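Colleague: Have a look at the structure that comes next, please.
Protein chains in written order, with the working numbering: chain R, 15 to 356; chain A, 15 to 356.
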């Protein structure tokens with residue numbers, strides 16, 4: 015099977031052997047950082063075997079709380095995430111950080127991740143840090159992030175902070191995969207950012223006004239409180255608004271307090287359970303979306319079929335929708351026998 | 015069939031009748047703006063019938079040139095797009111603008127689109143303008159944008175400018191769906207933006223230094239020219255760098271000149287054709303990704319199956335991967351008979 019595997023844009027890791035697999039799962043369950051990192055790489059690459067690993071880990075999940083942190087570039091997400099991680103470490107918790115970087119589809123995101131992390135001062139060696147990026151179209155960043163969260167959950171992490179770099183749809187989906195969503199805003203943002211609020215308002219469980227020592231903090235807080243007061247969420251949670259100056263470590267306690275209150279709401283109330291259900295529903299659909307392409311590319315001859323069909327579309331012999339139908343038939347067909355195209 | 019259609023997060027338009035369908039296709043082919051707008055709405059909503067419309071339009075496509083414009087918030091994308099549209103209108107061309115707004119998944123993006131467009135001064139009534147946003151997970155913004163481009167192509171538009179609002183993975187994919195990609199940079203951007211360059215460098219066919227009258231323009235131009243000089247593109251195109259002050263209409267001619275040179279490369283050279291092939295390859299995979307979810311949700315009982323499976327995952331009776339397998343089997347199963355789950 016492995017010989018036919020072709021994932022465009024992804025390095026092909028060596029095929030896991032049985033003893034490697036067992037060792038890896040055991041290592042993750044024991045909380046070994048290296049095992050966790052290795053499995054996340056397999057998950058990120060969309061290696062078919064990774065779902066077998068995740069199935070084995072699933073019974074050991076369900077205890078970790080995940081917090082997504084989103085906001086526009088320059089709002090200080092990494093600094094706040096570092097501060098929160100330091101706070102939780104101080105409480106003796108096992109903390110993970112995932113920095114999701116969908117803006118570097120070609121570099122693999124490691125450069126940015128390293129760059130950010132070199133600046134971290136508040137982090138000790140007991141914090142697991144990982145940057146993730148999409149690897150071509152096959153991956154599905156929301157899917158890969160959700161899988162990575164499951165790995166960390168099974169490895170005994172108490173809390174995982176998921177930081178997104180961009181501000182697009184993909185990041186919103188990533189943030190929604192976490193149980194709590196923090197939205198960072200800063201005083202004096204440009205028009206584009208103001209316009210984004212409409213969408214971001216609806217995903218924020220907690221709004222953090224960072225750089226609250228800058229001019230305009232009162233104004234942006236008034237704006238957000240106004241928007242929060244007029245919006246009604248179906249789950250009944252009233253989003254909190256807190257102020258921080260993350261670069262100086264100010265307001266971190268009150269931010270963590272708001273997270274704790276939301277966690278209580280999320281885990282204890284009926285409506286919180288509705289939200290857990292919604293997260294799983296979206297995760298399932300995302301898994302199906304990802305799976306269909308992985309299945310497709312894993313079938314012998316299907317990569318060539320994609321090429322052949324693309325050629326026929328370019329030469330206008332076939333329209334793209336009929337071509338997509340042929341590909342989908344290939345996914346649903348019997349393994350090893352993609353439908354012939356001429 | 016239509017009675018069972020459930021697309022979460024999407025308004026359900028009335029089912030198109032046969033005469034409506036014929037009228038719509040004819041209207042689009044005649045270049046009627048209202049017909050174009052209506053069909054794009056159907057496409058955006060992921061209405062199953064929309065692919066039949068697109069199939070009918072496909073033979074009439076292939077003439078339009080599409081230009082994606084991307085860059086970070088505040089770089090002046092809309093202003094540049096307006097200027098370019100004005101330039102092409104002055105040449106007597108039929109111009110379309112699609113403003114893609116993946117950051118407003120909940121508001122439908124219309125608010126932002128209108129806000130931006132109210133500021134437009136350089137546009138006459140002969141320019142077709144449309145904002146697009148994703149409607150829940152089913153849509154697939156790259157897929158919807160590619161479909162909308164096909165509609166405009168068949169309606170006789172000479173050039174379509176696709177402007178993206180965000181800077182994430184989704185926007186990169188949208189920009190790549192266009193034939194030429196312009197990347198806007200402005201002098202004096204923050205660290206986050208600098209970091210993004212790694213990814214953005216590889217998608218830009220033309221780099222536009224906008225707000226070139228600001229301090230730091232020379233420095234950013236030097237940086238970009240350095241990066242361009244050391245990067246080798248597989249298609250052999252050497253990205254051009256131009257300067258504009260879009261707010262004052264400066265540099266628009268030289269920007270249009272660069273687009274024209276890239277167009278020549280794209281349409282005439284062997285390597286340009288390779289790129290056309292790559293665009294179609296990605297479009298096919300995206301179509302399959304979108305189609306599988308649409309097919310799923312259109313099967314009677316499948317929305318309920320998604321719910322039931324999500325519930326079982328939350329109560330830990332089944333892992334998400336086995337649940338996804340069940341859903342995928344439902345897509346591949348015979349219509350109207352999703353596999354039972356208990």
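Cβ coordinates follow ideal geometry from the N, Cα and C atoms, glycine included. As the structure is a prediction and not an experimental result, all values here were calculated from the model.
Please look up how many angstroms separate the CB atoms of residue 110(A) and residue 166(A), rounded, as I've assumed it's under 8 Å.
Modeller: One-based indexing of the second chain puts residue 110(A) at position 96. One-based indexing of the second chain puts residue 166(A) at position 152. 5 Å between Cβ atoms; contact.
Colleague: Three or more C-beta pairs closer than 8 Å, one from the stretch 192 to 199 of chain A and one from the stretch 77 to 97 of chain A: is that the case here?
Modeller: At 8 Å Cβ cutoff, the stretches touch.
Colleague: Would DSSP call residue 246(A) helix, strand or coil?
Modeller: For this step, residue 246(A) is matched to residue 232 along the second chain. Coil.
Colleague: For residue 238(A) and residue 221(A), I'd like the C-alpha separation in whole angstroms.
Modeller: Along the second chain, read from residue 1 onward, the residue named residue 238(A) stands at position 224. Along the second chain, read from residue 1 onward, the residue named residue 221(A) stands at position 207. C-alpha separation (whole angstroms): 8 Å.
Colleague: Give the C-beta separation of residue 162(A) and residue 297(A) to the nearest angstrom, bearing in mind that I take them to be a contact with Cβ-Cβ under 8 Å.
Modeller: For this step, residue 162(A) is matched to residue 148 along the second chain. For this step, residue 297(A) is matched to residue 283 along the second chain. The pair is not a contact, with the Cβ atoms about 13 Å apart (cut-off 8 Å).
Colleague: Name, please, each residue of chain R whose Cβ falls closer than 7 Å to the Cβ of residue 324(A).
Modeller: In the second chain, counting from the first residue as 1, residue 324(A) sits at position 310. Those are 291, 294, 295, 298, listed as they occur along chain R.
Colleague: For residue 201(A), which residues from the same chain have a beta carbon less than 8 Å from its beta carbon, with the 5 sequence-adjacent residues on both sides left out?
Modeller: Counted from its first residue, the second chain places residue 201(A) at position 187. Only 223, 225, 226, 228, 229, 230, 231, 233, 234 meet the Cβ criterion.
Colleague: Check this for me: beta carbons of residue 173(A) and residue 144(A), under 8 Å apart or not?
Modeller: On the second chain, position 159 is the one that residue 173(A) refers to. On the second chain, position 130 is the one that residue 144(A) refers to. Not a contact, by the Cβ cut-off of 8 Å.
Colleague: What span of residues does the alpha helix (DSSP H) with residue 296(R) cover, start to end?
Modeller: For the purposes of this step, residue 296(R) is taken as residue 282 along the first chain, with counting starting at 1. That run of the alpha helix (DSSP H) goes 284 to 312.
Colleague: Using 10 angstroms around the beta-carbon of residue 310(R), count the other beta-carbons present and answer buried if the total reaches 16, otherwise exposed.
Modeller: As a first step, residue 310(R) must be located in the first chain, where it is residue number 296. Counting Cβ neighbours within 10 Å, residue 310(R) comes out buried, since at least 16 surround it.
Colleague: Cutting at 8 Å between CB atoms, please list the residues of its own chain near residue 6(A), excluding the five before and the five after it.
Modeller: One cannot answer for residue 6(A) here, as it falls past the ends of chain A, which runs 15 to 356.
Colleague: With 8 Å as the limit, tell me which residues of the stretch 305 to 336 of chain R have their beta carbon closer than that to any beta carbon of chain A; keep them in chain order.
Modeller: Correct list: 305, 306, 307, 309, 310, 320, 321, 323, 324, 325, 327, 328, 330, 333, 334, 335, 336.
Colleague: Using a Cβ-Cβ distance under 8 Å, would residue 72(A) count as near chain R?
Modeller: The count along the second chain starts at 1 and reaches residue 72(A) at position 58. Output row for residue 72(A): interface = yes.
Colleague: Residue 338(R) and residue 326(R) look like a contact to me (Cβ under 8 Å); what is the Cβ gap, rounded to whole Å?
Modeller: Within the first chain, the letter at position 324 stands for residue 338(R). Within the first chain, the letter at position 312 stands for residue 326(R). 12 Å between Cβ atoms; not a contact.
Colleague: Measuring alpha carbon to alpha carbon, tell me which residue in 157(R), 32(R), 73(R) is nearest residue 187(R).
Modeller: Along the first chain, one-based indexing puts residue 187(R) at 173. Of the candidates 157(R), 32(R), 73(R), the one whose C-alpha sits nearest the C-alpha of residue 187(R) is 157(R).
Colleague: Which whole-angstrom value describes the C-beta separation of residue 276(R) and residue 219(R), a residue pair presumed to lie in contact below a C-beta threshold of 8 Å?
Modeller: In the first chain, residue 276(R) corresponds to position 262, counting from 1. In the first chain, residue 219(R) corresponds to position 205, counting from 1. With a Cβ gap of about 5 Å, residue 276(R) and residue 219(R) count as contacting.
Colleague: Per DSSP, which residues does residue 178(A) bridge with? Please list them.
Modeller: Translated into the one-based positions of the second chain, residue 178(A) becomes position 164. DSSP lists 114(A) as partners of residue 178(A).
Colleague: I want to verify the contact list: residues of chain A whose CB lies under 8 Å from the CB of residue 69(R), in sequence order.
Modeller: Residue 69(R) sits at position 55 when you count from the first residue of the first chain. Residues of chain A passing the Cβ test: 333, 335, 336.
Colleague: Classify residue 331(A) as helix, strand or coil using the three-state DSSP reduction.
Modeller: Taking the first residue of the second chain as 1, we reach residue 331(A) at position 317. Correct three-state label for residue 331(A): coil.
Colleague: Using a Cβ cut-off of 8 Å (strictly closer), state whether residue 76(R) contacts chain A.
Modeller: Along the first chain, one-based indexing puts residue 76(R) at 62. With 8 Å as the cut-off, residue 76(R) counts as an interface residue toward chain A.
Colleague: Would you identify the three-state DSSP class for residue 223(R), choosing helix, strand or coil?
Modeller: As a working mapping, residue 223(R) is identified with position 209 in the first chain. Residue state, collapsed to three classes: strand.
Colleague: Suppose you measure from the CA of residue 292(R) to the CA of residue 328(A); what does that come to, to the nearest Å?
Modeller: The residue labelled residue 292(R) in the question sits at position 278 within the first chain. The residue labelled residue 328(A) in the question sits at position 314 within the second chain. Cα to Cα, the separation comes out at about 10 Å.
Colleague: Are the CB atoms of residue 43(R) and residue 53(R) nearer to each other than 8 Å?
Modeller: Counted from its first residue, the first chain places residue 43(R) at position 29. Counted from its first residue, the first chain places residue 53(R) at position 39. Cβ distance not < 8 Å, so residue 43(R) and residue 53(R) don't count as in contact.
Colleague: For chain R, is any of its Cβ atoms less than 8 Å away from the one on residue 32(A)?
Modeller: If you number the second chain from 1, residue 32(A) lands on position 18. It does not: the Cβ of residue 32(A) has no partner Cβ on chain R nearer than 8 Å.
Colleague: Under the three-state reduction of DSSP, which class applies to residue 145(A): helix, strand or coil?
Modeller: Here residue 145(A) refers to the residue found at position 131 when the second chain is read from its first residue. The answer is strand: DSSP assigns residue 145(A) an E or B state.
Colleague: Taking 8 Å as the CB-CB limit, is residue 268(A) close to chain R?
Modeller: As a position in the second chain, residue 268(A) is number 254, starting the count at 1. It does not: the Cβ of residue 268(A) has no partner Cβ on chain R nearer than 8 Å.
Colleague: So that I know if they touch, is there some Cβ in chain R lying closer than 8 Å to that of residue 286(A)?
Modeller: Here residue 286(A) is taken as the residue at index 272 of the second chain, counted from 1. Chain R contact via Cβ: absent.
Colleague: What residues in the stretch 37 to 68 of chain A have a beta carbon less than 9 Å from any beta carbon of chain R?
Modeller: So the list reads 65, 66, 68, given in the order they occur along the chain.
Colleague: In or out: residue 240(R) buried (at least 16 other Cβ within 10 Å) or exposed?
Modeller: Locating residue 240(R) in the first chain gives position 226, counting from the first residue. Exposed.
Colleague: Kindly indicate if chain A contains any beta-carbon less than 8 Å away from that of residue 346(R).
Modeller: For the purposes of this step, residue 346(R) is taken as residue 332 along the first chain, with counting starting at 1. Yes, its Cβ sits closer than 8 Å to a Cβ of chain A.
Colleague: Could you check which residue in 305(R), 316(R), 324(R) has the C-alpha nearest to that of residue 343(A)?
Modeller: By one-based count along the second chain, residue 343(A) stands at place 329. The shortest Cα separation from residue 343(A) among 305(R), 316(R), 324(R) belongs to 305(R).
Colleague: To the nearest whole angstrom, what separates the beta carbons of residue 270(R) and residue 101(R), a pair I think is in contact under 8 Å?
Modeller: In the first chain, counting from the first residue as 1, residue 270(R) sits at position 256. In the first chain, counting from the first residue as 1, residue 101(R) sits at position 87. Confirmed, Cβ separation roughly 5 Å.
Colleague: Between which two residues does the alpha helix (DSSP H) containing residue 36(A) stretch?
Modeller: In the second chain, the residue the question calls residue 36(A) occupies position 22. That run of the alpha helix (DSSP H) goes 32 to 43.
Colleague: Mark residue 155(R) as exposed unless 16 or more other C-beta atoms lie within 10 angstroms of its C-beta, in which case mark it buried.
Modeller: For this step, residue 155(R) is matched to residue 141 along the first chain. Residue 155(R) is buried by the Cβ-count criterion.
Colleague: Give a yes or no on whether the minimum CB-CB distance between residue 342(R) and chain A is below 8 Å.
Modeller: Numbered from 1 along the first chain, position 328 holds the residue referred to as residue 342(R). Chain A contact via Cβ: present.
Colleague: Using only alpha-carbon positions, find the residue among 302(R), 295(R), 94(R), 104(R) that is nearest to residue 197(R).
Modeller: Taking the first chain and counting its residues from 1, one reaches residue 197(R) at position 183. Per the Cα distances, 94(R).
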